[in-house]
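Engineer: I'd like to ask some things about the structure below.
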RNA sequence: GCUGGGUUCGUAUAACGGUUAGUACUCAAGAUUCUCAAUCUUGCAAUAGGAGUUCGAUUCUCCUACCCAGUACCA
């Protein structure tokens, strides 16, 4: 059997949406599970929509996720490969650099009667569409309308030749067969049949910019690159019959890849697919990495928001797939092992930001304290704090259960890293009373003698028959600046008795 | 409109045609605790509607409703 080869073929028209990352991920998982190749190909056949930086963004985003291509991009340089080599035999992998290839195939289709030259201008076509719309109809360029439009089927051969020679505005259109049922099989959706009469004569090649459209480039490249499975978004399902017919037209049916169409990611509330707007509106990232567009508009990214790539990938994998049992935590290698297209859900998946956070929290709990400490250090540095690594590790171990993101390791208990500079007024009013302070001071002195265990402190307070809550909260207020937070013993285990004594003294000075 | 796809708790999902329709997130209550979290326990909550096939339908078929996509010289 042929080696599995799949491709992720993004269009560099902007930052890669998380739905796109999921498509790339499923392709990657499928390929790796079968010991095959995951290829990246840049589909930049729309010169008007090209966005500078988008290609680099896509590659970096996938790299962050751990989705490393085998072919198409040289990961040591992060660049799309432009010249063929042993590792990248099908270069260039950017369609705009393959334009010479496509024209030949477009012409072959015309020669074989599967396509024709069309000379209608966009304006003419627009007018026809408006006209049809006015009478509540839809204009489609098909076997009926093509007989009355300006193309090589209706024009005399000399006229066609002249127009091809003298004008540049023409296109090559697919000559959609009449009344044929195209029977297709989708790895996820099963058997689908469509009558060609409902389809139109798609443009395959644009003379104006010497480039193919998606449909032609896609089929030609998938064939040339020996792609075995095409795993892509659901938005392509309607053009699948055209693609089947194109394979037939080229005589490549025998080596046609198998297709799998993934459902779309839907917005968390309301209707429609997940969009950038939803992220802004509901406060979660829609993109893997931060992106700043040409107008300076910033879109937040999972990476910058503090998500671990493992958590992001795990969450994404489960949006439309599950292993069939109750397990939810999977590393990338484990996903490779467990993944199957058969278990991919057909219906659209609504994105749930809460679940995304839950995943992050789970990963944060699993990570070694040393690693977390390393990630936390830049956060602390931003606060002007510099502490020994083992101190930070100890603090991390103490707060990790109340954190979702790395930055929470600081914000959930800043007092582990520095003495409180202010005290919550509400708690001061409630606890900082003379008798409490007196009892707390006594206990603070006891702690200062090195008694830092929860057991010792509680026994001491009980032996005096003091109210546990009042005393403890008063001490916490002095140590942490707030009556709520980590347990006293936990705080002490990090800051130590000497620092605790200092903080109590400082609180006395500040609060009286 | 037309064509195609889809529809199980609020969300993500599980369930050889036979289950008290399970799990996770969220939410609520309780336990625990020096507070807040965390944790543990419990709870709330679903097969879109209607026909049909069948001894039996979440599961198969059809109809309706709703949702999504496509309907570009965009991908």
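Residue numbers (the numbering used here): 1 to 512.
No residue lacks a Cβ here, since even glycine has one placed at the ideal position from N, Cα and C.
Model, not experiment: these values are computed from the prediction.
Skipping 5 residues on each side, what residues in its chain have a beta carbon closer than 8 Å to that of residue 47?
Structural biologist: 96, 209 and 211
Engineer: At the level of alpha carbons, what is the spacing between residue 274 and residue 296?
Structural biologist: 22 Å
Engineer: In terms of residue numbering, what span does the alpha helix (DSSP H) encompassing residue 365 cover?
Structural biologist: 353-366
Engineer: Apart from the five residues on each side of it in sequence, which residues of its chain come closer than 7 Å, Cβ to Cβ, to residue 259?
Structural biologist: 186, 187, 230 and 240
Engineer: Any chance you could list the alpha helix (DSSP H) runs of at least 4 consecutive residues sitting entirely within the stretch 270-343, in chain order?
Structural biologist: You should have 276-282, 302-305, 309-317 and 332-338.
Engineer: Please work out which residues of its chain come closer than 8 Å, Cβ to Cβ, to residue 464, disregarding the five sequence neighbours upstream and downstream, and give them in chain order.
Structural biologist: 439 and 442
Engineer: Tell me whether the beta-carbon of residue 316 lies closer than 8 Å to the beta-carbon of residue 75.
Structural biologist: No, they are not a contact pair.
Engineer: Residues in its own chain within less than 6 Å of residue 399 by CB, not counting five upstream and five downstream?
Structural biologist: Around residue 399, the same chain offers 409, 412 and 413 as residues with beta carbons nearer than 6 Å, after the five sequence neighbours per side are excluded.
Engineer: Nearest CA to the CA of residue 359: which residue from 499, 327 and 437?
Structural biologist: 327
Engineer: Would you say residue 207 and residue 154 are within 8 Å of each other, going by their C-beta atoms?
Structural biologist: no
Engineer: Measure the beta-carbon distance from residue 285 to residue 270 and round it to whole angstroms, keeping in mind my assumption that it falls under 8 Å.
Structural biologist: 19 Å between Cβ atoms; not a contact.
Engineer: Give the range of the beta strand (DSSP E) segment to which residue 166 is assigned.
Structural biologist: Run containing residue 166: none in the beta strand (DSSP E); it sits in the alpha helix (DSSP H), 157-166.
Engineer: If you follow the beta strand (DSSP E) that residue 117 is in, where does it begin and where does it stop?
Structural biologist: That run of the beta strand (DSSP E) goes 115-118.
Engineer: Whole angstroms is fine: what's the gap from residue 492's alpha carbon to residue 504's?
Structural biologist: 12 Å
Engineer: For residue 160 versus residue 117, is the C-beta spacing smaller than 8 Å?
Structural biologist: yes
Engineer: In its own chain, which residues sit with a C-beta less than 6 Å from the C-beta of residue 123, not counting the 5 before and 5 after it?
Structural biologist: Excluding sequence neighbours, residue 123 sits near nothing in its chain.
Engineer: By alpha-carbon positions, which one of 71, 5 and 232 ends up nearest to residue 92?
Structural biologist: 71
Engineer: Whole angstroms is fine: what's the gap from residue 263's alpha carbon to residue 362's?
Structural biologist: 27 Å
Engineer: Entirely within the stretch 71-138 and at least 4 residues each: give me those alpha helix (DSSP H) ranges in chain order.
Structural biologist: 99-111 and 122-134
Engineer: Is it true that the stretch 333-340 meets the stretch 29-38, where meeting means three or more beta-carbon pairs spaced less than 8 Å apart?
Structural biologist: yes
Engineer: If distances are taken between C-alpha atoms only, which option among 450, 507 and 502 comes closest to residue 431?
Structural biologist: 507
Engineer: Tell me the DSSP secondary structure of residue 192 in three-state form.
Structural biologist: Looking at residue 192 - three-state DSSP - the assignment turns out to be strand.
Engineer: For residue 7, which of 13, 26 and 15 has the nearest alpha-carbon?
Structural biologist: 26
Engineer: To the nearest angstrom, how far is it from the Cα of residue 288 to the Cα of residue 280?
Structural biologist: 14 Å
Engineer: List in chain order: all unbroken alpha helix (DSSP H) runs of 4+ residues lying wholly within the stretch 8-34.
Structural biologist: 18-33
Engineer: Is residue 202 near residue 180, with beta carbons less than 8 Å apart?
Structural biologist: no
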